[in-house]
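Read through the structure below, which is laid out as structure tokens, and then see the notes.
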Amino acid sequence: MPDINDYFDSFPDYDVFTGKTTPPKNRRAGNQRPPMPQPKRPSPPVRPRGDYGDGYGTFKERKVKKHKNYLTVFFFPLAIGWLEFFMKLATGVEFNFVSAIYTFLFIMPIACILTLLCTFGSVRVNRVLCNIFMFLITAIFEAQLIYFGKYRALFTFSGNKYGGLSFSDITASVANNLVWFIILLIPFLFSLILGRRVFGFGKIRVLAKISLVLVAVLFQILAVTAVSFSKSSKNPIASYKLYNTTFNATPSQERFGLLETEYLDIKNALS
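Take 26 as the starting number for the sequence shown in the numbering used here and just add one per residue.
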């Protein structure tokens with residue numbers, strides 16, 4: 026606020042010796058009061074990137090590398106293909122080019138749907154779902170291997186019933202087929218221990234989800250079409266009859282794989 030001296034300084038000076046006046050603007054700068062410095066506002070504290078000031082520290086976003094996310098689509102086909110291949114070797118069924126084509130065609134729809142189900146949540150949630158699915162699939166193969174070790178046949182709901190299993194039967198079957206038992210565990214153990222370093226299982230776009238559904242439908246159509254080529258065959262275990270009319274677990278597993286045999290078994294049991 027200006028004081029009384031500031032008001033006097035605004036009037037011109039009168040020189041009594043010369044009779045002249047000096048305007049205020051011609052005064053020396055030294056007679057003017059220096060301006061008051063403006064107080065400086067304290068600058069806000071600089072936070073590191075990712076610190077939102079909520080007291081929880083710095084937030085680090087985990088990003089899935091793109092090449093890992095692309096590799097995700099290969100996990101279930103490779104894992105199920107591994108299980109099917111070594112299950113055929115463990116049960117001693119014939120494994121040829123035709124059965125390999127059939128098995129591959131029936132594996133792909135299952136693999137695409139499982140992959141799709143593991144792409145809706147966060148990376149952690151998707152990895153948990155992947156491990157759960159692999160545990161369930163591996164359990165089916167291991168249980169059938171144990172049953173086969175006792176009765177030399179697969180367990181079915183709609184086929185012949187060979188009997189139950191006691192604890193001693195299970196331990197004896199595992200001991201007799203220990204190598205195959207461990208081999209069938211490898212995909213699940215790999216997914217549990219090292220899978221997150223190779224297969225991303227991050228979220229994917231809607232277009233990629235639609236593509237997975239279309240690929241699953243395409244392979245299912247190809248598989249059913251390949252089966253229909255043997256419709257006119259009179260062989261009782263022809264592919265068309267095994268798939269549509271006459272269910273037989275052993276040739277079905279040899280031709281289509283164990284997972285498709287499980288589906289055909291349940292379908293026959295319900296019908």
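The beta carbon of each residue, even a glycine, is placed where N, CA and C say it ideally should be.
Query: Hey, quick one: how far does the alpha helix (DSSP H) through residue 228 stretch, first residue to last?; Result: Segment: none, residue 228 is in no alpha helix (DSSP H) and carries neither H nor E.
Query: How about the segment 178-189 and the segment 125-138: do they share at least three Cβ pairs that are nearer than 8 Å?; Result: no
Query: When you compare the CB positions of residue 276 and residue 107, do they come within less than 8 Å of one another, or not?; Result: no
Query: Check this for me: beta carbons of residue 137 and residue 226, under 8 Å apart or not?; Result: no
Query: Can you say whether residue 117 is buried or exposed, counting buried as having 16 or more other CB atoms within 10 angstroms of its CB?; Result: exposed
Query: Which same chain residues end up closer than 7 Å to residue 280 when comparing Cβ atoms and leaving out the 5 residues on each side of it in sequence?; Result: 124, 127, 264 and 267
Query: What does a CB cutoff of less than 6 Å around residue 100 pick up in its chain, not counting 5 residues either side in sequence?; Result: 224
Query: Quick one: Cα of residue 201 to Cα of residue 230, how far?; Result: 47 Å
Query: Find the nearest neighbour of residue 283 within the set 179, 235, 197 and 158, judged by alpha-carbon distance.; Result: 179
Query: Express the C-alpha separation of residue 175 and residue 205 in angstroms, rounding to a whole number.; Result: 14 Å
Query: Are there 16 or more other CB atoms within 10 angstroms of the CB of residue 54, so buried, or fewer, so exposed?; Result: Unreliable placement is indicated for residue 54, whose pLDDT of 49 sits below 50; the coordinate value is still reported in the next sentence. When all chains shown are included, residue 54 counts as exposed.
Query: Indicate whether residue 113 and residue 120 have their beta-carbon atoms separated by less than 8 Å.; Result: yes
Query: In three-state terms, what does DSSP make of residue 155?; Result: helix
Query: For residue 96 and residue 295, I'd like the C-alpha separation in whole angstroms.; Result: 37 Å
Query: Assuming residue 265 is part of the alpha helix (DSSP H), what are its boundary residues?; Result: 264-269
Query: What is the C-beta distance between residue 134 and residue 251, in whole angstroms, given that I count them as a contact (C-beta under 8 Å)?; Result: Between residue 251 and residue 134 the Cβ distance is about 13 Å, and since that is not below 8 Å, they are no contact.
Query: Please report how far the alpha carbon of residue 160 lies from the alpha carbon of residue 67, in whole angstroms.; Result: 59 Å
Query: Leaving out five residues on either side along the sequence, give the residues of the same chain with a beta carbon under 8 Å from the beta carbon of residue 253.; Result: 265
Query: Do you know offhand how far residue 191's Cα is from residue 228's?; Result: 44 Å
Query: So what does DSSP say about residue 327, is it helix, strand or coil?; Result: With the chain represented from 26 up to 296, any question about residue 327 goes unanswered, as that position is not in the structure.
Query: Going by other Cβ atoms of all chains shown within 10 Å of its Cβ, with 16 needed for buried, is residue 297 buried or exposed?; Result: Within the shown structure, residues of the chain are numbered from 26 to 296, placing residue 297 beyond reach of any answer.
Query: How close, in whole Å, do the beta carbons of residue 182 and residue 290 come, if the pair is a contact with beta carbons under 8 Å?; Result: 5 Å
Query: Which residue's Cα is closest to the Cα of residue 270: 293, 278, 248 and 287?; Result: 293
Query: According to DSSP, simplified to helix, strand and coil, what is residue 302?; Result: This structure gives no information on residue 302, because the portion of the chain shown stretches from 26 to 296.
Query: Output the distance between the C-alpha atoms of residue 152 and residue 194, rounded to the nearest integer angstrom.; Result: 34 Å
Query: Inspect the beta-carbon positions of residue 98 and residue 140 and report whether they are closer than 8 Å.; Result: yes
Query: Among 249, 221 and 285, which residue has its Cα nearest to the Cα of residue 94?; Result: 221
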